[in-house]
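Novice: Take 11 as the starting number for the sequence shown in my numbering and just add one per residue.
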Amino acid sequence: MSNYSRAYIRHLIKAEETFGIRLTTIHNLHFLLKLMEDIRQAIREDRLLDFKEEFFEQYGLNVENPKNF
């Protein structure tokens, strides 16, 4: 997939172009596939809890009593 700027993708979505939805879907699928690959690797290496902590830190989910869960 070619690289498209966030601004361009936002424009496509705001303009209700289906290509914007397609690009975000491709991005989300890629993210989830990579995440699952990383989780499997962490399980194989017996470091799943460390991976979870790193993931939460990276995505700002490491707060007590998060409201998004």
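From the three backbone atoms N, C-alpha and C, an ideal C-beta is built for every residue, glycine too. The structure presented is a predicted model; accordingly, all values stated were derived computationally and were not measured.
1. With distances taken between CB atoms, is the gap from glycine 30 to leucine 43 smaller than 8 Å?
2. Suppose you measure from the CA of glutamine 68 to the CA of glutamate 27; what does that come to, to the nearest Å?
3. Can you look up glutamate 67 in the DSSP assignment and give me helix, strand or coil?
4. For arginine 26, name the three-state secondary structure that DSSP assigns.
5. Asparagine 13 by DSSP, collapsed to three states: which one?
6. Which of helix, strand or coil does DSSP assign to aspartate 56?
Specialist: According to the structure data:
1. Not a contact, by the Cβ cut-off of 8 Å.
2. Glutamate 27 has its alpha-carbon roughly 31 Å from the corresponding atom of glutamine 68.
3. Helix.
4. Per the sequence shown, the amino acid found at residue 26 is glutamate instead of arginine. Looking at glutamate 26 - three-state DSSP - the assignment turns out to be coil, as it is neither helix nor strand.
5. Reduced to three states, the DSSP call for asparagine 13 is coil.
6. Coil.
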